[in-house]
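Novice: This structure is in structure tokens; I'll ask about it shortly.
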Amino acid sequence: MTSDRHRWLKGVERILAEPAPDRPPPQVGRYRILREIGRGGAAVVYEAEDAELRRRVALKVLRDADTDPTVLERLKREAAILAGLLHPNIVGVHEVGSTEGLPFIAMDLIEGRTLAELLREGAPPLPELLRMLRDAARAAAFAHSKGIVHRDLKPGNVLVEKGGRVLLTDFGLAHADSFLTKLTRSRAVMGTPQYMAPEQVEGRTAEIGPRTDVYALGVMLYEALAGALPFPGETAAVVYQKILKDDPLPPGAVPALQAVCLRALEKEPARRYPSADAFADDLDRYLEGGSVEARPPSPLRRLWRRRKGWIVAGAAALMALAAGGGLVRAWREEASARSRKEEDLAGARSRELSSAALASLVKGELDAAIAKAGEAIRLDPRNGPAYVVRADARLAQARPEQGRPRGSARPNKEALEEALRDYGEAIRVGPPDAETHAKRGAARLEKGDSGGAIEDATAALRIDAKCADALYVRGRARLEAGDPAGAAAEFAAVLEASPKYFQSPDRRQHAAEAFYQRARLRASAGEAEGALADCRTALQLSPARWSRRAEAEALLRSLAPR
Amino acid sequence: MAGVTILPMPADTTLGGSAREFPSTIWSSVLSLRDPTDPSFAATLNALIDRYWKPVYHYVRALRRVDVEDAKDLTQQFFARLLERRDLERLSPDRGTLRGFLKTALKNFLAGADRSRKARPARAFAFDEAERDWADAARAAPELTPEQAFDREWACGVVMEAVARLKARLEADGKAVHFEIFRDRSDGAASYDELAARYRMSPKDVENRLTFARQAIAKILRELLAETMEPGEDVERELRYLLSR
């Protein structure tokens, strides 16, 4: 085993020194790769030759290392639909498939640039841009007539040929792409949120439809007119908030075009153009010198919308939370995202206080954390994270020797009950969070409620199947409930998901105990091999001073083959 | 059941963070080592010791090739003194990598080691395992200097950790065969054709799986290295250094 270490070191060095990691496989399916023509976050696009049909194609190879098999299935389903999208302004898709591990899409090879590139390099004259957007809108309308919504229209997905012909690409793949992005375990931010409509930001999937694409067309028109995005921001959380609650500054163009743009950018789908065709019609009217249908929004409605924005700002925060995964990170982003002047003061103050409470907790200033979290809750009883901080602080306070393996005081009953109530509130007001469930599970365990702990851990694992804390809690609960075999299975899952989880002595002690007991069960059932493995695991995991070491070593000796 | 008492969850879980690996706000939590009252001190210290005790042992072994027990003592003492003497308080981002810091601390410790009294062990270390690894390393390269021995053992530790994570990730994604192909290729540099025959697939499929695994392990190695590096430090350089050990 040991000489493996150096072999691995040299082997990994050798394998990484092999041809560049992004080198295209020379052949993907029946396509022979000729050269790379572009790359994005999750995919590389190659020029390739279809060996059977002897024609050039663009081959998009999804290269994300975390690609899930279900993504491919979905891609294939979509391929059937896309095959029906024959339109002069839509890039034709030939095939969606995979060579083991690498899903790909073969499509028309277009000689041209993306609209994103054109805009970056200094936009073409406005009338030309307007014509491009009109054509893009017509193509989108055609797809809508076939029941397909693009969902990810943006300048990067609009190709422009030399002669000026516009082609939409990546049709209907947006879904799969965003799915891919979510699957990446890296902390990479999600794809650009700038062109997302409010209904997408809030995840109101039932409302996503043709008008979602109209919104994205509106963002592109805004960009064409103002030379800037309507909702700029450095982090996704900032952009989400602005998309949900801010009115875009007027893009600074002739009033008719401004009206077209702002109508497409209405927050509520029902207030936008009813179809991409209607948007294209208005652009046509403008281009032909006629008057457009869109009217500037009235000042009264703007005011109303601003008030409504207060409510949705909270939703944006939750959304950022769900997307970011880490409470702390989301809070920080949200705190910096805040534009004070038009915010609900109580809500803002509450969130500010819960951030401050968290900071106190991290610094170990537990009284301050509890007081601040309490004030945050008073100001906004639906501030879930504040409940969690208060509960964490109460538990920490009740056990000053926390983290020490022995002699640590159990939290007193009162603090435990209060913490349980707080975790319960956090779970009740949402958003669903695996860690919160795992924490309540741990607290229930301390109360002696192993059934409740298992329930909570299971709920956590439904949200995040790899939540090591939840697996650990469930293992502890099973051990408490007299099921060491079940406990060992849970701890084995923890080891699998997170090999370094067992660092603190008390975690080691519980895991060692479970494995040792399972080893004994297995030994008496005659499963010598399993017993031996468990016994070894137990000894490996056991903390420095483990009361059962001698017993376990004796068992090991009795099992070990000569 | 007997002997199990319900102990509180350790500090790290109550903060929603994690001590399984170096906590993700990397260097800032390494800096928590400067302050023993910092809530993440214990967890970070454990992670630090986990990753570096063996390189320390190898350093000492390379320095004192005769006495195994002596090397064990010194390793124990080094970590115990590191805490006692509060060397960690001098940890600072300007002083370079954590690895560099520890090597300097180790050098100073060994130069002035007060051998007269036994230190309380900082933790129980699996010295038998470390000794086997040491014998192995010494066999492969008998002339290693202590510094080289430290770095090499550190590199081995990081690579083994990366391989373990790669295996877990690939297996969790139903890609166990990807890992096997990767292992076989890195082990003996079997040709694509040989691997294709072994796994009953085309050489092209072997190549695709290898590409996949190669990207994945490169990503994992970068993650691991970034864990103990200051943001902005050159992970790529560290990776090249690691692989050249």
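In the order they appear, the protein sequences are chains Z and R.
First residue of the first sequence: 1, per this note's numbering; consecutive thereafter.
First residue of the second sequence: 563, per this note's numbering; consecutive thereafter.
Heads up, the beta-carbon is just placed ideally off N, CA and C, and yes, glycines get one too.
1) Could you tell me the alpha carbon to alpha carbon distance between R/Ser580 and R/Ala604, rounded to whole angstroms?
2) By a C-beta neighbour count over all protein chains shown, 10 Å radius and 16 as the cutoff for buried, is Z/Leu86 buried or exposed?
3) Z/Leu283 and Z/Arg134 - do their beta-carbons sit closer together than 7 Å?
4) Do Z/Pro155 and Z/Leu115 have their beta-carbon atoms positioned less than 7 Å apart in this structure?
5) Using a Cβ cut-off of 7 Å (strictly closer), state whether Z/Ser542 contacts chain R.
6) Measuring alpha carbon to alpha carbon, tell me which residue in Z/Asp422, Z/Ile427, Z/Leu395, Z/Gly424 is nearest Z/Asn412.
7) In this structure, what does DSSP give as the bridge partners for Z/Phe104?
8) Go to Z/Glu161, then tell me how far its beta strand (DSSP E) extends in each direction, as first and last residue.
9) For Z/Glu36 and Z/Val45, what's the separation of their Cα atoms in angstroms?
10) Any idea what DSSP makes of R/Thr599, helix, strand or coil?
11) Quick one, which residues of the segment 498-510 of chain Z are near chain R if we go by CB-CB under 8 Å, in chain order?
12) What first and last residue would you give for the beta strand (DSSP E) that runs through Z/Gly112?
13) Could you check how far apart the C-beta atoms of Z/Ala514 and Z/Gly475 are, in whole angstroms? I think they sit under 8 Å.
14) Check whether the Cβ atoms of R/Asn670 and Z/Gln503 sit closer than 7 Å, and answer yes or no.
15) Taking Z/Arg545 as the reference, which of Z/Ala560, Z/Arg508, Z/Tyr516, Z/Leu555 has the closest Cα?
16) Between the C-alpha atoms of Z/Ala348 and Z/Ser355, what's the straight-line distance to the nearest angstrom?
17) Tell me, please, whether the CB atom of R/Lys634 is closer than 7 Å to any CB atom in chain Z?
18) Check whether the segment 158-173 of chain Z and the segment 103-122 of chain Z touch, using three or more Cβ-Cβ pairs below 8 Å as the test.
19) Exposed or buried, Z/Leu566, counting other C-beta atoms within 10 Å across all chains shown (16 or more means buried)?
20) Going by other Cβ atoms of all chains shown within 10 Å of its Cβ, with 16 needed for buried, is R/Thr599 buried or exposed?
21) Can you list the residues of chain R that Z/Arg5 reaches, using a CB-CB cut of under 9 Å?
22) Helix, strand or coil for Z/Asp469? Go by DSSP, reduced to three states.
23) Cβ of Z/Asp464 within 7 Å of Cβ of Z/Ala434?
24) Give a yes or no on whether the minimum CB-CB distance between R/Ser748 and chain Z is below 7 Å.
25) Could you tell me which chain R residues have their CB closer than 8 Å to the CB of Z/Ile377, listed as they occur along the chain?
26) Please list the residues of the segment 421-432 of chain Z that have a C-beta atom closer than 9 Å to any C-beta atom in chain R, keeping them in chain order.
27) Could you list which residues in chain R have their beta carbon closer than 7 Å to that of Z/Gly11, in chain order?
28) Does Z/Trp8 get closer than 7 Å to chain R when you measure Cβ to Cβ?
29) From R/Ala759 to R/Gly750, what distance separates their C-alpha atoms?
30) Leaving out five residues before and five after Z/Gln194 in sequence, what residues of the same chain have Cβ atoms less than 7 Å from its Cβ?
31) Given a threshold of 16 other Cβ atoms within 10 Å of its Cβ, counted over all protein chains shown, does R/Glu800 qualify as buried or as exposed?
32) Short of 7 Å in beta carbon distance, which residues of its chain neighbour R/Leu593, apart from the five on each side in sequence? Order them along the chain.
33) Using a Cβ-Cβ cutoff of less than 8 Å, which residues in the same chain neighbour Z/Lys439 once the five nearest sequence positions on both sides are dropped?
34) Determine whether the Cβ of R/Ala667 lies closer than 7 Å to any Cβ atom of chain Z.
35) Exposed or buried, which one is Z/Leu287 when buried takes at least 16 other CB atoms within 10 Å?
36) Listing by chain order, which chain R residues have their CB less than 8 Å from the CB of Z/Gly364?
Specialist: In short:
1) With a pLDDT of only 27 at R/Ser580, under 50, the local geometry of the prediction cannot be trusted, and the value read off the model is given with reservation. Rounded to whole angstroms, R/Ser580 and R/Ala604 show a C-alpha spacing of 12 Å.
2) Counting Cβ neighbours within 10 Å, Z/Leu86 comes out exposed, since fewer than 16 surround it.
3) Taking 7 Å as the cut-off, the beta carbon of Z/Arg134 is found closer than this to the beta carbon of Z/Leu283.
4) Contact flag set, yes.
5) It does not; no Cβ of chain R falls within 7 Å.
6) Taking only the C-alpha atoms, the option nearest Z/Asn412 is Z/Leu395.
7) Looking at the DSSP assignment, Z/Phe104 forms a beta bridge with Z/Val61, Z/Gly97.
8) Its beta strand (DSSP E) spans residues 158-161.
9) Rounded to the nearest angstrom, the gap between the Cα atoms of Z/Glu36 and Z/Val45 is 6 Å.
10) For R/Thr599, the three-state secondary structure derived from DSSP is coil.
11) Interface annotation for the segment 498-510 of chain Z against chain R: Ser498, Pro499, Lys500, Tyr501, Gln503, Ser504, Asp506, Arg507, Gln509, His510, criterion Cβ-Cβ distance under 8 Å.
12) Counted as a single uninterrupted DSSP element, the beta strand (DSSP E) harbouring Z/Gly112 occupies residues 112-114.
13) About 6 Å; that satisfies the 8 Å criterion.
14) For R/Asn670 and Z/Gln503, no; Cβs fall outside 7 Å.
15) Between Z/Arg545 and the set Z/Ala560, Z/Arg508, Z/Tyr516, Z/Leu555, the nearest pair of CA atoms involves Z/Arg508.
16) Cα to Cα, Z/Ala348 sits roughly 11 Å from Z/Ser355.
17) Not one chain Z Cβ lies under 7 Å of R/Lys634.
18) As far as the Cβ criterion goes, the segment 158-173 of chain Z touches the segment 103-122 of chain Z, which means the pair count is three or higher.
19) Any question about residue 566 of chain Z goes unanswered here, given that chain Z covers just 1 to 562.
20) Under this definition R/Thr599 is an exposed residue.
21) By Cβ distance, chain R contributes Asp695, Asp698, Ala699, Glu715, Cys718, Gly719, Val721, Met722.
22) Helix, per DSSP.
23) Contact flag set, yes.
24) Taking a beta-carbon distance threshold of 7 Å, R/Ser748 counts as an interface residue toward chain Z.
25) Here the premise fails: no neighbours, minimum Cβ distance about 18 Å.
26) Cβ contacts with chain R come from no residue of the segment 421-432 of chain Z.
27) Here the neighbours are Ser748, Asp749.
28) For Z/Trp8, the closest Cβ of chain R is nearer than 7 Å.
29) For the pair R/Ala759 and R/Gly750, the Cα-to-Cα distance works out to about 15 Å.
30) Val219, Leu229, Phe231, Val239, listed in sequence order.
31) By the 10 Å Cβ count, R/Glu800 comes out buried.
32) If we look at R/Leu593 and ignore the five residues flanking it on each side, its Cβ neighbours are Leu653.
33) Excluding sequence neighbours, Z/Lys439 sits near Val388, Ala391, Asp392, Tyr423, Asp469.
34) Under the Cβ distance rule, R/Ala667 does not count among the residues neighbouring chain Z, no pair being separated by less than 7 Å.
35) By the Cβ neighbour-count rule, Z/Leu287 is exposed, with fewer than 16 other Cβ atoms within 10 Å of its own.
36) Those are Thr599, Asp600, Pro601, listed as they occur along chain R.
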